[in-house]
Amino acid sequence: MLWLGWIKSAVSRMSSICLLDTSIFLNILDVPNRNRERAEVLDKFAEYIELGCRFIIPMATVIETGNHIAQNGDGNIRRAVAQLFVDTLEQTFTNTAPFRISEWDSQHQIRQWMKAFPAHAQRNKSASRTGEGTSFGDLSIIKEFERTCSKFPMSEVFIWSLDEDLSAYHQGQPKPAP
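In my numbering, each residue's number is its place in the sequence shown (first place is 1) plus 15.
Take a look at the structure:
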């Protein structure tokens, strides 16, 4: 499998932890109409693998990607892409994919996020997106980032996203230039 060669070359050099946003995972999977940056994303993906990054797919990314697949194209295309999605995620359980799915959060944690959500929805998502607040999905990715930073305080941790607001989350050494 394509991923297996990348994993074998990177296993001994793992140093950074990269949380994949939906915008990146859609391009990796080549989801029609959601893959405009595919070439650049795959180049960067190969570079991060070569550098030894460990990849985590937050649950929001899994759910949002599944939603985009189900709302995209005709039924045959949706089915083919959905099968690729399932096959790719299945590989995370056998360690043959270069990433893993994050752990499901407890009801207590999700309730804490819900309490914080109104304030995040109120404030501007970024300086360039003043009419939009942080979605609950993005908030959960941010919370996953914070939890990962707490768990691995000496590691570089970053969110890889095509959205400037999420890509600003970074702990540790500077990530490679885009």
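Built from N, CA and C at the ideal position, the CB exists for glycine as well.
Check                                                                                                                        : Outcome
Between the CA atoms of Gly146 and Val26 - distance to the nearest angstrom                                                  : Low confidence applies to Val26: its pLDDT is 41, below 50, so where it sits in the model is not reliable enough to give any reading.
Chain-order list of residues whose beta-carbon lies under 7 Å from that of Ile157 (same chain, five-residue window excluded) : Tyr184
Residue burial classification, Asn48 (beta-carbon count within 10 angstroms, cutoff 16)                                      : exposed
C-alpha distance - Phe132 paired with Ser141, whole-angstrom precision                                                       : 16 Å
Inter-residue Cα distance where the pair is Leu104 and Ala136                                                                : 30 Å
Boundaries of the alpha helix (DSSP H) in which Arg53 is found, first to last residue                                        : Arg53 to Glu65
Neighbourhood of Ile72 by C-beta, 6 Å cutoff - its chain only, sequence neighbours within 5 removed                          : Leu35, Phe114 and Ile116
Spatially closest choice to Thr80 from Phe70, Ile39, Ala54 and Tyr63, by CA coordinates                                      : Ile39
Where the alpha helix (DSSP H) containing Ser165 begins and where it ends                                                    : Phe151 to Lys166
Whether Ile84 touches Phe70 by CB criterion (8 Å)                                                                            : no
Cβ neighbours of Arg138 in the same chain (closer than 7 Å, five flanking residues each side left out)                       : Gly148
Contact set for Ile174: own chain, Cβ-Cβ below 7 Å, skip 5 residues either direction                                         : Leu34, Asp36, Ile156, Phe160, Leu181, Ser182 and Tyr184
Local conformation of Ser31 per DSSP, three classes                                                                          : strand
For Val172, the first and last residue of its enclosing beta strand (DSSP E)                                                 : Glu171 to Trp175
Cβ pair Gly152, Ala97 closer than 8 Å                                                                                        : no
Beta-carbon proximity list for Val46, same chain, < 7 Å, skipping 5 on both sides                                            : His83, Ile84, Asn87 and Val96
C-alpha distance - His94 paired with Lys166, whole-angstrom precision                                                        : What sits at residue 94 in the sequence shown is Arg, not His. Taking the straight line from one Cα to the other gives about 37 Å.
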